[in-house]
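Participant:
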Amino acid sequence: MKTKVLISAFVLMVSALFVLNHMKTNLSGKVQDFEGMGIMLSSLEIYSNDQEEKLIKSTMTNIDGSFEIKDLKPGEYKLVVNTPGFEKKVQTVKLDRLFKQDLGVIKIDGNVVTLPPVVIFG
């Protein structure tokens, strides 16, 4: 009887560790400029936050600037946001064992170059 209880407890403990170890989370948010407009087609890349900085996943923002990166293991990552005409944004993201985490709004600065006026003589 005691062996059955011990075996059952061991099996439950191993299965619980297996389930917790294989939990995945989704990361979502929205990329906006400082006027509050969503920026579509921004490239988002998730890298491991260690010496190697290995690319884990990548995606693009939707027409309203929203994004979702699915099936990430809990841990610490480096998020890189690249958008043509805007500055590159890099931030560290820590994912918990929740099913879905929302970063909220990621604001990025425009990378605007102003040129002096040109006079054309004809």
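Residue numbering for the sequence shown is -7 to 114, as defined by this note's numbering.
By construction, the Cβ of each residue, glycine as well, lies at the ideal position given by its N, Cα and C atoms.
Return the residue from the list F91, E44, N41, K22 that minimises the CA-CA distance to S35.
Facilitator: For S35, the closest alpha carbon among the candidates F91, E44, N41, K22 is that of K22.
Participant: Can you say whether G33 is buried or exposed, counting buried as having 16 or more other CB atoms within 10 angstroms of its CB?
Facilitator: For the sequence presented, residue 33 should be read as Leu rather than Gly. With fewer than 16 other Cβ atoms within 10 Å, it is exposed.
Participant: I need the DSSP call for T(-5), collapsed to helix, strand or coil.
Facilitator: helix
Participant: Going by DSSP in three states, N34 sits in which element: helix, strand or coil?
Facilitator: Checking the sequence, you will find Ser at residue 34 rather than Asn. Coil, per DSSP.
Participant: Can at least three beta-carbon pairs, one atom from the segment 76 to 84 and one from the segment 53 to 61, be found at a separation below 8 Å?
Facilitator: Too few Cβ pairs lie closer than 8 Å, so no.
Participant: In its own chain, which residues sit with a C-beta less than 8 Å from the C-beta of I31, not counting the 5 before and 5 after it?
Facilitator: V23, Q24, D25, T53, G57, T75, F78, I100
Participant: Let's test the definition: count the other Cβ atoms within 10 Å of the Cβ of V110 and tell me whether it reaches 16, buried, or not, exposed.
Facilitator: With fewer than 16 neighbouring CB atoms inside 10 Å of its own CB, V110 falls in the exposed class.
Participant: Can you grab the Cα-Cα spacing for the pair L71 / E27, in whole Å?
Facilitator: 22 Å
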